[in-house]
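S.K.:
2 protein chains.
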Amino acid sequence: MRHSPLTALLYKQPEGTPAARIVQTLGEHGALSATQLARITGLAKSTISTALASLKDSNMVIEGAWAVRGKSPGAGRPAITITLNPEVGTCVGVLLGVEHIQVILADVTHAVISDASTAMNSDYTPREAVAVASKLIEQAYKSYGLSTDTMLGVGIAVAGPINPRDGKILRASGVPTWAGVNIAEEFKRVLRRPVIAENESNCSAIAELMWGVAKGCDDFVFLTMDMAVGGAVVLRGQLVSGNAGAAGEFGHICIDPNGPQCRCGKRGCLELYAGLERPLSRYSSAQGGPVTIEDVISRAVEGDDVCRAMIRDTAHVAGRGLGIVTSILDPGLVVVGGRLAMAGDLLLAPLRTSFETHSLVRQSGPNPDTDTQIRGSAFSGRGACLGAVGLVLRSCGRSG
Amino acid sequence: MRHSPLTALLYKQPEGTPAARIVQTLGEHGALSATQLARITGLAKSTISTALASLKDSNMVIEGAWAVRGKSPGAGRPAITITLNPEVGTCVGVLLGVEHIQVILADVTHAVISDASTAMNSDYTPREAVAVASKLIEQAYKSYGLSTDTMLGVGIAVAGPINPRDGKILRASGVPTWAGVNIAEEFKRVLRRPVIAENESNCSAIAELMWGVAKGCDDFVFLTMDMAVGGAVVLRGQLVSGNAGAAGEFGHICIDPNGPQCRCGKRGCLELYAGLERPLSRYSSAQGGPVTIEDVISRAVEGDDVCRAMIRDTAHVAGRGLGIVTSILDPGLVVVGGRLAMAGDLLLAPLRTSFETHSLVRQSGPNPDTDTQIRGSAFSGRGACLGAVGLVLRSCGRSG
Chain U
136 MRHSPLTALL
146 YKQPEGTPAA
156 RIVQTLGEHG
166 ALSATQLARI
176 TGLAKSTIST
186 ALASLKDSNM
196 VIEGAWAVRG
206 KSPGAGRPAI
216 TITLNPEVGT
226 CVGVLLGVEH
236 IQVILADVTH
246 AVISDASTAM
256 NSDYTPREAV
266 AVASKLIEQA
276 YKSYGLSTDT
286 MLGVGIAVAG
296 PINPRDGKIL
306 RASGVPTWAG
316 VNIAEEFKRV
326 LRRPVIAENE
336 SNCSAIAELM
346 WGVAKGCDDF
356 VFLTMDMAVG
366 GAVVLRGQLV
376 SGNAGAAGEF
386 GHICIDPNGP
396 QCRCGKRGCL
406 ELYAGLERPL
416 SRYSSAQGGP
426 VTIEDVISRA
436 VEGDDVCRAM
446 IRDTAHVAGR
456 GLGIVTSILD
466 PGLVVVGGRL
476 AMAGDLLLAP
486 LRTSFETHSL
496 VRQSGPNPDT
506 DTQIRGSAFS
516 GRGACLGAVG
526 LVLRSCGRSG
Chain V
136 MRHSPLTALL
146 YKQPEGTPAA
156 RIVQTLGEHG
166 ALSATQLARI
176 TGLAKSTIST
186 ALASLKDSNM
196 VIEGAWAVRG
206 KSPGAGRPAI
216 TITLNPEVGT
226 CVGVLLGVEH
236 IQVILADVTH
246 AVISDASTAM
256 NSDYTPREAV
266 AVASKLIEQA
276 YKSYGLSTDT
286 MLGVGIAVAG
296 PINPRDGKIL
306 RASGVPTWAG
316 VNIAEEFKRV
326 LRRPVIAENE
336 SNCSAIAELM
346 WGVAKGCDDF
356 VFLTMDMAVG
366 GAVVLRGQLV
376 SGNAGAAGEF
386 GHICIDPNGP
396 QCRCGKRGCL
406 ELYAGLERPL
416 SRYSSAQGGP
426 VTIEDVISRA
436 VEGDDVCRAM
446 IRDTAHVAGR
456 GLGIVTSILD
466 PGLVVVGGRL
476 AMAGDLLLAP
486 LRTSFETHSL
496 VRQSGPNPDT
506 DTQIRGSAFS
516 GRGACLGAVG
526 LVLRSCGRSG
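Sequence order for the protein chains is U and V. Numbering of the first sequence is given in this note's numbering, commencing with residue 136 and proceeding in unit increments. Numbering of the second sequence is given in this note's numbering, commencing with residue 136 and proceeding in unit increments.
1) In the segment 165-200 of chain U, which residue ranges form an unbroken beta strand (DSSP E) of at least 3 residues, counting only runs that do not cross its ends?
2) So V:Val460 contacts chain U; which residues on that side make the cut at Cβ distance below 8 Å?
3) By DSSP, does V:Thr152 sit in helix, in strand, or in coil?
4) Beta-carbon within less than 8 Å of V:Cys520's beta-carbon, same chain only, minus the 5 sequence neighbours each way: which residues are those?
5) Where DSSP assigns a beta bridge to V:Asp242, which residues make up the other side?
6) Per DSSP, V:Val369 is paired with what?
7) With respect to the alpha helix (DSSP H) encompassing U:Leu521, which residues constitute its N-terminal and C-terminal limits?
8) In terms of alpha-carbon separation, which member of V:Arg510, V:Gly386, V:Gly290, V:Arg402 lies closest to V:Pro392?
9) Going by beta carbon distance, what residues of the same chain come within less than 8 Å of V:Val316, once the five residues before and after it are set aside?
10) Just reading off the alpha helix (DSSP H) that U:Ala453 is part of, what are its end residues?
11) Below 8 Å, can you find three or more Cβ-Cβ pairs linking the segment 470-478 of chain V to the segment 505-514 of chain V?
12) Are the CB atoms of U:Ile217 and U:Leu271 within a distance shorter than 8 Å?
13) Relative to the C-alpha of V:Phe490, which residue among V:Ile463, V:Asp504, V:Ile459 is closest?
14) Is it buried or exposed for V:Pro466, if we count other Cβ within 10 angstroms and need 16 for buried?
15) Taking only the alpha-carbon atoms, compute the straight-line gap between U:Thr492 and V:Ile331 and give it to the nearest angstrom.
16) On the CB-based measure, 16 or more other CB atoms within 10 Å of its CB, does U:Arg529 come out buried or exposed?
17) Nearest to V:Tyr276 by alpha carbon, out of V:Glu222, V:Ala476, V:Val431, V:Gly383?
18) With a 10 Å radius around its C-beta and 16 neighbouring C-beta atoms as the bar for buried, classify V:Ala367 as buried or exposed.
19) Helix, strand or coil for U:Gly472? Go by DSSP, reduced to three states.
20) From U:Ile432 to U:Cys442, what does the alpha carbon distance come to, in whole angstroms?
21) Can you find a CB in chain V that lies within less than 8 Å of the CB of U:Ala381?
22) Note the first and the last residue of the continuous alpha helix (DSSP H) segment covering U:Arg434.
23) Alpha carbon to alpha carbon, what distance is there between U:Thr244 and U:Gly165?
24) Find the residues of chain V that neighbour U:Ile388, judging by a C-beta separation of less than 8 Å, and give them in chain order.
25) Closer than 8 Å, CB to CB, is V:Lys401 near chain U or not?
26) Distance check for U:Gly151 and U:Gly535, CA to CA, integer angstroms please.
27) Just the C-alpha distance for U:Pro153 and U:Pro425, rounded to the nearest angstrom, thanks.
28) Could you work out which residues of chain U lie near V:Asn393, taking near to mean beta carbons separated by less than 8 Å?
29) With 16 other CB atoms within 10 Å as the buried threshold, where does U:Pro503 fall?
30) Indicate whether at least one CB of chain U lies closer than 8 Å to the CB of V:Arg529.
31) Grab the span of the alpha helix (DSSP H) containing U:Thr253 for me, first residue to last.
32) Would you verify that the beta carbon of V:Ala202 is, or is not, closer than 8 Å to some beta carbon of chain U?
33) Are the Cβ atoms of V:Ala318 and U:Ala382 separated by less than 8 Å?
34) Which complete beta strand (DSSP E) runs does the segment 276-348 of chain U hold, if anything under 3 residues is left out?
35) Since V:Gly162 and V:Leu219 are thought to touch, with beta carbons under 8 Å apart, how far apart are those beta carbons, to the nearest angstrom?
36) Could you round the C-beta distance between U:Ala363 and U:Gly400 to whole angstroms and report it? I think they count as a contact, below 8 Å.
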C-alpha cells in the first residue's frame, strides 16, 4: 500500500511548517475560510496565502464558494472556504461494540462516505474483530471506487478503558476477555496505517465536541446511558484519560456499598441501577421474549406505563450520579448519549429533576450562566463510531 | 504606595520579553540555574545570559553558589543559582479561616519571612476580615523593617468556592453570610495591590504542587479532612475551577440521599460522615467540655480507643468518597490534608483500605504505575495560607 501525500504533512509535530499546520488545522476543523485559518493557527495572512498557493498547486487543498458557518446570508459574496482535497485523504472509524462491529469511512472534509455494520456473537476475539473490521473497510473502499492508498489512519472505539501508558485494555472493560490486549497494535499489524484506539464513551465525547451539542464547549462531561453506563470527561478541549485510562467511568460510581456485586468486582455501582441491562432482562422475562432498548423507548413514547417507569427509574439514579460528578467537576454542560438518550425528554426531564435534587446549590434561584446544562446527544446512540473518525482527524499533528 | 520595579515585569502576558519571562519563571520556581531557566523558558542560553546581565545590573536578580536540587554533591563546583532579589519583592498570603485569620509574608525567593494569626469570632464580616488582615500585614512588614512598596500581590484563601466568572463567593460556602461577596475586590480597595482569592482547598493544593508532596506531579486531587471536608482537582498543572467554581467540592458528594440534611441543602453529603464536626461535638458533650481535633489526634496516638475509632470511621467514608472520585478522574495521586491528616497512618492506613474496597479494579494485583497513591500533606494542615502566597507567585505572567 502506498501512502497519501497528505500523510507526511498530517502526522507531524505541532511545531511544523506553515503548510503542515494548515493541513492539520483543516483536518481537525473541516472547512475554513483563510481568515479563520489565520485566527486558529496564529499565522500571518501572507504566510497562509503563500502556503495555500503551494498546497493548491500540489492538489492537497481545494477551494469552494460554500457558505461559512455563522456567516450571515446576503452579506456580500460568500467567503471562499478551503478544505483538504477529499480525493487525497480518507479516514476510517471502527466501533467494536459488544454485539456488532461498525465501520464508517469518511473523507478529510469530514463527509461520511459509508457506514456499515456486521452483527457479532458476544465475546468475539480480537482476531475476529480485526478480520471482520478489515473486511468491512475493504468493502467500503471498493464499493465507492476509492483507493486504500488514501487511508490516513484508523480510529477504533472499544467498549472498555484503555491504559494510555501501554495501550492495553483494562480489566474493567465491558469485554473482560480482552483485558491486556493492545487492540491498536493488532489492527496496525494488518492495516499498516496509524491506528488510535479509545474508550467508546471517549469517542462519543469527541463526536459531540467536533460536530455535536458540545461544539464550541471545551469543558463538559458525557454520560452514556445504554445497557451499561459509561462516560467521558473533556477539559480544555482534551479528553481526560486519568492515570490508567479509567477516568470517566461514571458507571462505577458507588451508589450503595451494600448493593449487589457489579462485574467490576465492587458493590452497588451506578451501572447496576442506571444501566438498562438488569431491568430489561426482568421485563423481557415477564414479556416472554427478548425486548430491545429501542422497543422500550417506542412503547414508552406510546404511553406504556411499565416502560416509562423503567426509563424514569434509570433517570433518577443517573441524576444522582451526575450530582456526584458535579460535586467533583462542576461542568457547565452534560451531554447524555447512548441509545437510551433517544427517549428524549422521557429520560431527560426526570434526569434534570433528580440532578437538581442531588447537586450542590450554588446560587439562589436558576442562573443560566452557572447552572449545569443537560442536553441529549446529537447522534442517537451512534456517535462513538463517528468519534473514532474524529480521533484520526484530531490526532493529526499530535501523535507520530 | 510606590510599586516594586519587579511589578512591571511580573504582571505581563506570557508572551513577554526574555527578561519578563525569566522574572516570571523565577517567581514561580524560586531558585534555578541558568540551564534550568533555559529548559523551562525555552529561550536560548545566549538570550538568557544577555537578559540576566541586565537584570543583575538593575538589581532585580541575584546570584548565589547554593546547591541546585538534584545536583549530586562533589560533581565539580556547585552550580550558580539565580533568584529574584528578595529585597525588591514580597508576597502576602492570607487565610480567612472559620475562626482565625492567618497572614504569611514571603519574599520572591519563596522564603517565608513571617507567619502570624489572629483568632476571630465565628461569622465575622468581610469588613472585619479586611481590617484584621491589613493590620497583620502592616505589622509583618513593620517588624521586619520591610517597605510595603515591595508588596507584589496578595493571595487570599477563603473557606468556600469562588465563581471564576465574577469573583463572588458561592452560597455553598462554609461562611454562608459571605455568599455574593467579591472578597478580592474588598481587599484591593484597601491594599491597592493585585489580589487573587481562591477556595482554601485549592490554595492547599497549590502549596502541595509548588513545595509539597505533589511537586513534579501535574495531575492529582487534594482532599481536605478537618471539621469540614473539601477538595481540589489539579489537571495538567492547573486548578480545575469548574463552571461556577464548585469543582473539587468532595465534601458534598452524596453518600446517602436519605441521610441527614447538610448545610448545603442536600442530604447525606460526605462531609456529614467524614468531617470531624459531628463526631467531635458528640464526643465533646460526652467528655463534658470542648475537645479539639488536635486533642483527638494526640489521644488516638496514645491509644485511646474512642478517638482511634472516630478517625477510623471518617477514614472509612473518606475512602469510599475517594473511590467515587477515582471512578471519575482516575488520579495517580491523592494528597490528604487538613488537620486530621496530622494523624498520619492512623488515618491513612484505614483510608487506603477503604479506598481499595471502593475503587474500580483496573489490573490484576498491585501495580505502582497504575494504582492511585494516597499520601499525607507536607504541611500539617497549614498549607492553605502558604498556597495563597503561591497563588501570587504563580499568577505572575498569567493575570493582569
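Ideal placement from N, C-alpha and C gives every residue a C-beta, glycine not left out. A quick note: this is a predicted structure, and the numbers were derived from the prediction, not measured.
M.R.: For this structure:
1) 196-199
2) Taking the first residue of the second sequence as position 1, residue 460 of chain V is located at position 325. Ordered by position in chain U, the residues that pass the 8 Å Cβ test against V:Val460 are Ile463.
3) Indexing the second sequence from 1 puts residue 152 of chain V at position 17. Three-state result, V:Thr152: coil.
4) Reading the second sequence from its first residue, position 385 is the one you call residue 520 of chain V. Within the same chain, V:Cys520 has close Cβ partners Gly228, Val229, Leu230, Gln237, Val238, Ile239, Asp250, Ala292, Cys338.
5) On the second sequence, residue 242 of chain V is found 107 positions in, with the first residue counted as 1. Paired residues: V:Thr225.
6) The residue given as residue 369 of chain V occupies position 234 in the second sequence. The partner list for V:Val369 (beta bridge, DSSP) reads V:Phe355, V:Leu374.
7) Position 386 of the first sequence, counted from the start, is the residue given in the question as residue 521 of chain U. Unbroken alpha helix (DSSP H) run through U:Leu521: 518-530.
8) Within the second sequence, residue 392 of chain V is the residue found at index 257, counting from 1. Looking at the Cα atoms, V:Arg402 is the closest of the given residues.
9) Taking the first residue of the second sequence as position 1, residue 316 of chain V is located at position 181. Excluding positions up to five away in sequence, the list reads Pro261, Lys303, Ile304.
10) Counting from 1 along the first sequence, the entry for residue 453 of chain U is found at position 318. First-last of the alpha helix (DSSP H) with U:Ala453: 440-464.
11) yes
12) As a position in the first sequence, residue 271 of chain U is number 136, starting the count at 1. As a position in the first sequence, residue 217 of chain U is number 82, starting the count at 1. Going by C-beta atoms, U:Leu271 is not nearer than 8 Å to U:Ile217.
13) Against the second sequence, residue 490 of chain V aligns to sequence position 355. Among V:Ile463, V:Asp504, V:Ile459, the Cα nearest to that of V:Phe490 is on V:Ile459.
14) Here residue 466 of chain V is taken as the residue at index 331 of the second sequence, counted from 1. Buried, because 16 or more other Cβ atoms sit within 10 Å of the Cβ of V:Pro466.
15) Within the first sequence, residue 492 of chain U is the residue found at index 357, counting from 1. Within the second sequence, residue 331 of chain V is the residue found at index 196, counting from 1. Taking the straight line joining both Cα atoms gives about 32 Å.
16) Counted from its first residue, the first sequence places residue 529 of chain U at position 394. Buried.
17) Here residue 276 of chain V is taken as the residue at index 141 of the second sequence, counted from 1. Answer by Cα proximity: V:Glu222.
18) Position 232 of the second sequence, counted from the start, is the residue given in the question as residue 367 of chain V. That one is buried.
19) Within the first sequence, residue 472 of chain U is the residue found at index 337, counting from 1. Here U:Gly472 sits in strand by DSSP.
20) Position 297 of the first sequence holds residue 432 of chain U. Position 307 of the first sequence holds residue 442 of chain U. Answer to the nearest angstrom: the Cα atoms are 7 Å apart.
21) On the first sequence, residue 381 of chain U is found 246 positions in, with the first residue counted as 1. Closer than 8 Å to some Cβ of chain V, the Cβ of U:Ala381 qualifies, so yes.
22) The residue given as residue 434 of chain U occupies position 299 in the first sequence. It spans 428-436 - the alpha helix (DSSP H) in which U:Arg434 sits, taken as one unbroken run.
23) Reading the first sequence from its first residue, position 30 is the one you call residue 165 of chain U. Reading the first sequence from its first residue, position 109 is the one you call residue 244 of chain U. Spanning the two alpha carbons is a distance of roughly 5 Å.
24) Against the first sequence, residue 388 of chain U aligns to sequence position 253. The answer, in chain order, is Ile459, Ser462, Ile463.
25) On the second sequence, position 266 is the one that residue 401 of chain V refers to. Output row for V:Lys401: interface = yes.
26) Position 400 of the first sequence, counted from the start, is the residue given in the question as residue 535 of chain U. Position 16 of the first sequence, counted from the start, is the residue given in the question as residue 151 of chain U. Summary for U:Gly535: the model assigns pLDDT 31, below 50, so the residue's position carries little reliability, and this model does not support an answer.
27) Within the first sequence, residue 153 of chain U is the residue found at index 18, counting from 1. Within the first sequence, residue 425 of chain U is the residue found at index 290, counting from 1. Computed Cα separation, rounded: 57 Å.
28) Within the second sequence, the letter at position 258 stands for residue 393 of chain V. Correct list: empty, because the minimum Cβ distance to chain U is about 11 Å.
29) Within the first sequence, numbered from 1, the residue matching residue 503 of chain U stands at position 368. Classification of U:Pro503: exposed, given that the 10 Å Cβ count is below 16.
30) In the second sequence, residue 529 of chain V corresponds to position 394, counting from 1. Closer than 8 Å: no.
31) In the first sequence, residue 253 of chain U corresponds to position 118, counting from 1. It is not in any alpha helix (DSSP H) - U:Thr253 instead sits in the beta strand (DSSP E) that spans 247-254.
32) By 1-based counting over the second sequence, the position of residue 202 of chain V is 67. For V:Ala202, the pLDDT reaches just 41, beneath the cut-off of 50, and the residue's location in the model is therefore unreliable, although a value from the coordinates is still provided. So no, V:Ala202 is outside the interface.
33) As a first step, residue 318 of chain V must be located in the second sequence, where it is residue number 183. As a first step, residue 382 of chain U must be located in the first sequence, where it is residue number 247. According to the sequence shown, residue 318 of chain V is Ile rather than Ala. Against a cut-off of 8 Å, the Cβ pair of U:Ala382 and V:Ile318 comes out as no contact.
34) 286-293, 330-334
35) For the purposes of this step, residue 162 of chain V is taken as the residue at position 27 of the second sequence. For the purposes of this step, residue 219 of chain V is taken as the residue at position 84 of the second sequence. V:Gly162 to V:Leu219, Cβ: 6 Å. Contact.
36) In the first sequence, counting from the first residue as 1, residue 363 of chain U sits at position 228. In the first sequence, counting from the first residue as 1, residue 400 of chain U sits at position 265. Going by Cβ atoms, the distance from U:Ala363 to U:Gly400 rounds to 15 Å, so no, they are not a contact pair.
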